[in-house]
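One structure is given below, encoded as structure tokens.
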Amino acid sequence: MLMDTTSRYFTTLGSPIGTLVITGDGVSITGLYTPGHRDYERAQTGVQQPDLFGDAAQQLREYFAGTRKDFDLPLKATGTGFQRSVWQALTAIPYGETRSYAAIGALIQKPEAARAVGSANGRNPLLIFIPCHRVVAANGALCGYAGGEQVKLWLLQHERSHANPDSR
0 MLMDTTSRYF TTLGSPIGTL VITGDGVSIT GLYTPGHRDY ERAQTGVQQP
50 DLFGDAAQQL REYFAGTRKD FDLPLKATGT GFQRSVWQAL TAIPYGETRS
100 YAAIGALIQK PEAARAVGSA NGRNPLLIFI PCHRVVAANG ALCGYAGGEQ
150 VKLWLLQHER SHANPDSR
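For the sequence shown, numbering that gives the first Met the number 0 begins at 0 and goes up steadily by one.
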């Protein structure tokens, strides 16, 4: 079915961290929001179209079941060039691991940009799909999360418990 990419579509999905909102433009996934996210309510505007998000919903179910570590979806994150470079770097953080804001800054050739990396993380519209929850302070502190700090903690613990099942 050909969709109008100027329209905004969404669906909701129950999960262990609350009801998620998935948004899209008819071709790509443009957002994934948890109940604690500042844009959660606003994300539930447009046309509710669950059929458009079947693959995303299935992959999220697999992620929460601990059987999926990577996502294979058409994602479209709107942001500045710097934000997009940070978000791209986040996708290189292995499942079950974390990196510091400074390490992400160094990875994108901006070693002094730890605060800006944090700001870009906070603007990530594709929580979980672009794993900003895997970024922590240099001392390992959680340092907030756009989807809520409890959600960040849950996601990190979930991934660690499924990262290497042979070591349990």
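Think of the CB as a built atom: it goes at the ideal place given N, C-alpha and C, for glycine as much as any other residue.
Here the structure is a predicted model, which means the values were calculated and not measured.
Contact under 8 Å by Cβ, residue i with residue j
i    : j    : result
G86  : N123 : Rather than Gly, the amino acid found at residue 86 in this sequence is Trp. Their beta carbons are under 8 Å apart, which means W86 touches N123 by this criterion.
T10  : V150 : no
V26  : Q43  : no
G30  : S6   : no
G147 : G35  : yes
L51  : G23  : yes
E96  : R37  : no
A64  : I28  : no
A136 : S99  : yes
Span of the beta strand (DSSP E) around residue i
i    : result
I107 : Careful: I107 lies outside any beta strand (DSSP E) and carries neither H nor E.
C-alpha gap between residue i and residue j, whole angstroms
i    : j    : result
L152 : L141 : 8 Å
A101 : I129 : 18 Å
R159 : A91  : 16 Å
M0   : Q47  : Confidence at M0 is low in this model, with a pLDDT of 44, below 50, so the placement of that residue should be treated as unreliable; the coordinate-derived value is given next. Answer to the nearest angstrom: the Cα atoms are 15 Å apart.
H161 : P15  : 15 Å
G121 : D71  : 23 Å
Q108 : R83  : 14 Å
I103 : A113 : 8 Å
G117 : L154 : 18 Å
N163 : Y94  : 10 Å
L74  : Y8   : 14 Å
G17  : A119 : 24 Å
R67  : G53  : 15 Å
Limits of the alpha helix (DSSP H) - the one that residue i falls within
i    : result
Y94  : Neither: Y94 is in no alpha helix (DSSP H) and is coded neither H nor E.
Y39  : Y39 to A42
L89  : G80 to L89
T117 : Per the sequence shown, the amino acid found at residue 117 is Gly instead of Thr. Run containing G117: A113 to G121, per the alpha helix (DSSP H) assignment.
G53  : G53 to A64
For residue i, the residue or residues it bridges with in DSSP
i    : result
F9   : T22 and Q47
Y32  : V20
L125 : L31
V150 : DSSP output for V150 lists no bridge partner at all.
L74  : I28
Interface flag, residue i vs chain D, CB-CB below 8 Å
i   : result
F63 : The question asks about chain D, but that chain is absent: this structure has only one protein chain.
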